[in-house]
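A.B. asks: Next up is a structure, given as structure tokens.
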Amino acid sequence: MILKNPYDVVRSTLIRRKFKSVGKNTAIAPDVTVGDGKSIIIGDNCCINQYVSLIGKGGLTIGDNTHISSYSAVLTGFLDFKTRKHKYKPITIGSDVWIASHSIIGAGVIIGRGSIIGANSTVLHDIPALVFAVGSPAKVKRKLVKGLE
Ligand SMILES: CC(C)(COP(=O)(O)OP(=O)(O)OC[C@H]1O[C@@H](n2cnc3c(N)ncnc32)[C@H](O)[C@@H]1OP(=O)(O)O)[C@@H](O)C(=O)NCCC(=O)NCCS
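Numbering of the sequence shown is given in this note's numbering, commencing with residue 2 and proceeding in unit increments.
Below you can see the structure in the form of structure tokens.
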């Protein structure tokens, strides 16, 4: 992520304060939307791109070297159909994961290390390590040997 405007550089630095912790060399775009950031842990060398939404209530953990592309949303909350009340379940996104643009990661999901989620996916169930998964709901298309390949 290359930020040319000094104003964006300052905003990108300040946004780090919203989180519980952010690792070294992690870049967070200034226009990322953050909810309950003090429940969000992000590892080293990650990239959280433009217009991503991260809602952390209940707990959100992102490993190292993970890339979340623009307009994706990671949402720990959902509306219980019966009670119409909000509920929350923690989300864990492993290291070396790539979530391509416009994807939604739902409450309670665990995405395994090295997996890739194709653009426009809706991930409602756990995704194992080292797979390419895509679709709504996301399903495993194929296995990967080394992750980001
Ligand atoms: C991750 C990505 C590049 C993988 O594409 P790919 O290399 O063409 O994927 P594959 O060749 O392994 O495709 C396997 C299957 O999944 C399908 N597929 C791939 N990406 C898909 C998507 N986003 N939505 C629906 N189906 C998809 C392919 O059509 C193919 O289907 P088939 O087996 O029926 O022929 C692509 O899914 C993607 O997300 N592109 C957008 C990248 C992006 O967000 N960039 C932002 C800047 S970082």
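Backbone N, C-alpha and C define an ideal beta-carbon position, used for all residues, glycine too.
1. Hey, how far is the Cα of Leu85 from the Cα of Ala108?
2. Measuring CB atoms only, is the stretch 76 to 92 touching the stretch 115 to 122, in the sense that at least three cross pairs come out at less than 8 Å?
3. Buried or exposed: Glu150, going by 16 or more other Cβ atoms within 10 Å of its Cβ?
4. Along the chain, which unbroken stretches of the beta strand (DSSP E) at least 3 residues long are found entirely within the stretch 14 to 54?
5. Decide if Thr34 is buried, meaning its Cβ has at least 16 other Cβ atoms within 10 Å, or exposed.
6. According to DSSP, is Arg114 helix, strand or coil?
7. Where does Val11 fall in DSSP's three states?
8. Given a cut-off of 7 Å on the beta-carbon distance, is the pair Phe133 and Lys142 in contact?
C.D. replies: Straight from the coordinates:
1. Sequence check: residue 85 is Arg here, not Leu. Distance between the alpha carbons of Arg85 and Ala108: 16 Å.
2. no
3. Its pLDDT being 49, under 50, Glu150 is placed unreliably by the model, and nothing is read from it.
4. 34 to 36, 41 to 43
5. exposed
6. coil
7. helix
8. yes
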